[in-house]
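Anchor point for the sequence shown: position 407 equals 412 in my numbering, and the numbering is continuous, going up by one each time.
In this text, a Cβ means the ideal position worked out from N, Cα and C, and glycines have one as well.
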Amino acid sequence: MVTGSTPPREAQPPRWPSSIVTTLGAVAGFCAYFCMYAFRKPIAAAEFADVRAGILGIDYKTLAIIAQVAGYAASKLIGVRVIAEAGRRGRGKAILALIGLSWIALILFAIVPTPWNAWIMILNGLPLGMIWGLVFSYLEGRRNSELLGAILCASFILSSGVVKTVATLLMAAGVGEFWMPAATGLLFFPLLFGSVWVLERLPPPNAEDERERTPRVPMDGADRRAFLREHGLALVLLVAGYVLLTAIRDFRDNFAAELWAGLGYSHVAAVFSASEIPVAAIALGGLGALMLIRDNMRALLVMHGVVIAGAVLLGLSTLAFQAGAIGPISWMILTGAGLYLSYTPFNAMLFDRMIAAIGKAGNAGFLIYIADASGYCGSVALLLYRSVAEPGMRWLPFFTGCCYATAIVVGVLTLASAFYFHHRGRRMVALAV
């Protein structure tokens with residue numbers, strides 16, 4: 006008789022080489038979020054010029070975009086709590102279910118008569134706001150999170166242009182403007198399923214990742230309140246600038262067809278993708294290089310510098326275009342590069358490094374969703390302002406004015422935030438001595 010037998014050891018997950026984790030995580034994260042845009046952005050490729058119906062003086066397309074962004078903003082508000090408290094279980098199923106619901110809304114958009122179908126876009130945007138936090142949760146807290154985050158962010162830079170190109174080609178092939186969004190999304194389902202399958206099989210951050218970047222754990226209400234009490238000032242400065250960046254980036258994205266038409270490139274499908282590829286390359290190269298900085302506080306301050314540099318590029322390129330020094334394509338590329346250099350860090354690496362620099366366990370998703378919820382509320386406000394206060398202003402003059410205002414305000418607020426963290430970093434060093 007055998008006594009005191011030792012129970013079998015629980016099987017441990019295999020330890021994957023870091024290069025394999027990085028490659029699979031980068032590709033799968035990029036593809037998953039790329040596919041999400043196929044359910045959100047096709048509507049931006051349509052002009053709905055023959056649809057005269059509107060409400061309260063707001064034209065039909067603007068009304069549909071406002072409804073979609075309002076749903077997206079509401080999703081971000083819900084995500085402040087949901088993403089902060091989410092664990093690892095069920096993320097893949099949640100991604101597929103949410104995107105599936107948004108696709109059903111696109112089918113309803115094609116069936117319900119105008120102008121009432123514009124309000125269906127609320128149901129399209131509402132599930133999609135959660136996708137970023139769910140996808141990024143697979144990638145945050147790793148030693149190479151800057152690279153993974155930069156590649157993930159490149160997905161929404163490239164995907165918007167590619168999706169609008171696909172949508173334009175579908176309309177040229179005879180698909181109607183109202184069925185085109187659902188048809189575009191349908192094409193991307195296979196890639197979505199495959200990328201989520203890979204993400205689900207990624208191992209969590211290992212011990213070395215946690216030592217360097219702080220463990221990533223759910224944050225309950227008390228944790229979130231404590232963080233805001235201690236770092237609320239810096240967060241307000243950063244988020245206020247991000248509101249402007251989100252509003253103008255979303256405006257440029259949603260009304261790209263109108264902006265290109267004003268520049269003399271009406272119904273040119275290739276221009277959507279061609280103008281965004283250089284933008285993605287600039288943003289990816291500049292932000293991915295930040296993974297070489299191992300000190301978290303130094304990296305956080307450098308990211309502030311990147312945000313300021315993007316704001317300067319946005320303002321100076323607009324000035325050069327109006328002075329006739331550069332052409333319209335160069336201007337759209339440079340404004341895109343400036344916007345995304347400033348905008349992209351907020352979606353991944355800036356808050357990931359902030360958590361690591363502060364040195365307290367938590368997750369970046371909470372901070373990302375505070376910024377996003379505020380940003381998309383700002384996007385709705387900008388659309389309403391243009392429709393109600395400046396209804397007769399042409400698209401290009403309105404956009405250029407927003408470029409100047411955003412460049413100045415973002416530069417000032419980000420500089421103030423950099424001083425805050427510089428002072429905090431010096432104080433942490435002094436306390437450690």
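- Look at Ile331 here: in three-state DSSP terms it is coil, with no helix or strand label.
- Using a C-beta cut-off of 8 angstroms, the segment 100-114 makes no contact with the segment 412-419, since fewer than three inter-stretch Cβ pairs fall below that distance.
- Here the alpha carbons of Asp55 and Val276 stand approximately 23 angstroms from one another.
- Annotation for Ser142: no alpha helix (DSSP H) segment contains it, and DSSP assigns it neither H nor E.
- For Asn259, the enclosing alpha helix (DSSP H) stretches over residues Gly226 to Asn259.
- With fewer than 16 other beta carbons inside 10 angstroms of its own, His428 counts as exposed.
- In the DSSP assignment, Glu205 falls within the alpha helix (DSSP H) that extends over Phe194 to Glu205.
- The continuous alpha helix (DSSP H) containing Pro132 extends over residues Met126 to Leu133.
- Annotation for Tyr425: Ala239 place their beta carbon closer than 6 angstroms to its own, counting only its chain and skipping 5 residues before and after.
- Between the segment 293-312 and the segment 181-193, the count of Cβ pairs shorter than 8 angstroms is below three; the stretches do not touch.
- Annotation for Gly397: no alpha helix (DSSP H) segment contains it, and DSSP assigns it neither H nor E.
- For Arg96, the enclosing alpha helix (DSSP H) stretches over residues Arg96 to Ile116.
- The residues Gly416, Thr419 and Leu420, in chain order, have a CB closer than 7 angstroms to that of Ile313 in the same chain once the five nearest residues on each side in sequence are set aside.
- Taking a contact to require three or more Cβ pairs closer than 8 angstroms, the segment 130-137 and the segment 69-78 qualify as touching.
- Of the residues Tyr247, Ile338, Gly320 and Ile282, the one whose Cα lies closest to the Cα of His309 is Tyr247.
- Contact between Gly290 and Leu144 is absent: CB atoms are separated by about 19 angstroms, not below the 8 angstroms threshold.
- For Leu152, the uninterrupted alpha helix (DSSP H) run begins and ends at Ser150 to Ala177, by DSSP.
- In this chain, the alpha helix (DSSP H) harbouring Tyr38 covers Ser23 to Arg45.
- Of the residues Thr119, Val26, Ala286 and Phe351, the one whose Cα lies closest to the Cα of Trp137 is Phe351.
- For Leu355, the enclosing alpha helix (DSSP H) begins and ends at Met354 to Ile363.
- The beta-carbon distance between Thr340 and Tyr409, rounded to whole angstroms, is 11 angstroms. This is too long to meet the 8 angstroms contact definition.
- For the 8 angstroms CB-CB criterion, Ser160 and Tyr38 form a contact.
- With distances taken between CA atoms, Leu295 lies nearest to Gly154 out of Gly154, Met135, Cys40 and Phe114.
- Here Val244 has Ala376 and Ser379 as same chain residues with Cβ atoms under 6 angstroms from its own Cβ, once five neighbours each way along the sequence are excluded.
- Straight-line spacing of the CA atoms in Ser271 and Trp265 works out to 6 angstroms.
- Exclusion of the five residues before and after Asp255 leaves Ser384 as the residues of its chain whose Cβ lies within less than 6 angstroms of its Cβ.
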